[in-house]
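So for the first sequence, my numbering puts the first residue at 4; every next one is plus one.
Glycine included, every Cβ here is placed at the ideal spot set by N, Cα and C.
The block underneath contains the structure these notes are about, expressed in structure tokens.
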Amino acid sequence: MPCSTSVKVKDPTTHLEIVATPEKVFVIRNRGKEIKIGLFTSPKTGLKFRALLPPTYPCQE
DNA sequence: CTAATTCG
DNA sequence: CGAATTAG
């Protein structure tokens, strides 16, 4: 449980908009650009997918 | 293309 | 090992 902030993302599998917490959050900084990626799981298929989180996702602690 | 990470 | 994810 790295974060407990709910994020509203769209499931590419169901095309449904869900509000959930990312199971894992990685910050990818490439060439000085940092983007946050959240790993979610589709509640229907159980398929895991990644989505872009806001640059300042409330998950410092 | 490159970065980080996880799942299949 | 490859896919996927975003940005420039």
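Nearest neighbour of SER45, chosen from LEU56, CYS6, SER7 and LEU19 [CA to CA]: One-based indexing of the first sequence puts residue 45 at position 42. Closest by C-alpha distance to SER45, out of LEU56, CYS6, SER7 and LEU19, is LEU19.
Report the three-state DSSP secondary structure of LYS39 (helix, strand or coil). Locating residue 39 in the first sequence gives position 36, where the first residue counts as 1. DSSP, reduced to helix, strand and coil, places LYS39 within a strand of the structure shown.
Given 8 Å, three or more beta-carbon pairs between the region 16-33 and the region 41-57: Touching, yes, given that three or more Cβ pairs across the two stretches are closer than 8 Å.
At the level of alpha carbons, what is the spacing between VAL28 and GLY41? Start at 1 with the first residue of the first sequence, and residue 28 comes out as number 25. Start at 1 with the first residue of the first sequence, and residue 41 comes out as number 38. The C-alpha of GLY41 is placed about 4 Å away from the C-alpha of VAL28.
If the criterion is Cβ atoms closer than 8 Å, does the pair LYS39 and PRO61 meet it? Working through the first sequence from its first residue, we reach residue 39 at position 36. Working through the first sequence from its first residue, we reach residue 61 at position 58. No, these two residues do not count as a Cβ contact at 8 Å.
First and last residue of the uninterrupted beta strand (DSSP E) at LEU55: Taking the first sequence and counting its residues from 1, the one referred to as residue 55 is at position 52. Going by DSSP, LEU55 is part of the beta strand (DSSP E) stretching over 51-56.
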